Amino acid sequence: MKKISIFIISLFMASSYMFSQDTQNIQEKKAEPAVKIEKLAVGTNVDKRELVGESTTFSSDTSRVYVWTRVVEVSTIPTTVDFVFYFNDKKVDDVKLDIKGTPFRTWAIKTVMPGNWKVELRDAEGNVVSTSEFKVENSSVNSEVPASTTSEDSTETTSTK
Numbered sequence: 004m005k006k007i008s009i010f011i012i013s014l015f016m017a018s019s020y021m022f023s024q025d026t027q028n029i030q031e032k033k034a035e036p037a038v039k040i041e042k043l044a045v046g047t048n049v050d051k052r053e054l055v056g057e058s059t060t061f062s063s064d065t066s067r068v069y070v071w072t073r074v075v076e077v078s079t080i081p082t083t084v085d086f087v088f089y090f091n092d093k094k095v096d097d098v099k100l101d102i103k104g105t106p107f108r109t110w111a112i113k114t115v116m117p118g119n120w121k122v123e124l125r126d127a128e129g130n131v132v133s134t135s136e137f138k139v140e141n142s143s144v145n146s147e148v149p150a151s152t153t154s155e156d157s158t159e160t161t162s163t164k
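Each residue of the sequence shown is one higher than the one before, starting from 4 at the first, in my numbering.
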């Protein structure tokens with residue numbers, strides 16, 4: 004009887020371990036982004052579908068930035084990507100753009116104010132594909148959280164095959 008009990012306990016522990024490994028593998032597979040990019044960068048303009056004035060630090064007179072990416076592979080077409088903006092560690096905006104093929108260049112224009120910024124590029128499932136941090140220098144102290152996307156903010160997409 005004692006041997007049977009030990010066998011049942013061992014069997015239970017082994018199956019629990021195997022189940023936890025399967026669950027972990029499923030979670031790891033789910034976290035893999037459905038989009039692959041060549042680059043995510045921030046600049047002062049876009050000209051002929053290319054980023055201009057790429058930097059991670061912008062002067063205090065910068066009123067807007069362009070967040071640009073080149074998507075090189077997607078798991079399904081069409082799909083979307085999300086530019087999620089953070090100002091001083093607070094989420095302030097979320098810009099969703101359509102991806103209609105690969106390769107595909109797209110960008111979002113964001114009105115900014117002095118402070119620390121971060122933008123996350125996420126796939127349609129919400130997985131973070133890439134992150135870019137930048138700073139708009141401060142000429143005077145201003146740490147207010149900016150309003151969400153205004154009519155001055157815009158987005159554009161373009162296919163480059």
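Every residue, glycine too, gets a C-beta built ideally from N, C-alpha and C.
These numbers were taken from a predicted model, which means no experiment stands behind them.
query	result
Classify GLY46 as helix, strand or coil using the three-state DSSP reduction.	strand
Report buried or exposed for GLU136, applying the criterion of at least 16 other Cβ atoms within 10 angstroms of its Cβ.	exposed
Give me the Cα-Cα distance between GLY118 and GLU35, rounded to the nearest whole angstrom.	31 Å
Per DSSP, what are the beta-bridge partners of GLU123 in this structure?	VAL87, THR134
Please state whether DSSP places ARG52 in a helix, a strand or coil.	coil
Look at VAL68 and PHE61 and say whether their C-beta atoms are less than 9 Å apart.	yes
With H, G and I counted as helix, E and B as strand and the rest as coil, what does DSSP make of THR114?	strand
Name the residue from ASN48, LYS39, GLU41, MET116 whose alpha carbon lies nearest to the alpha carbon of ASN91.	MET116
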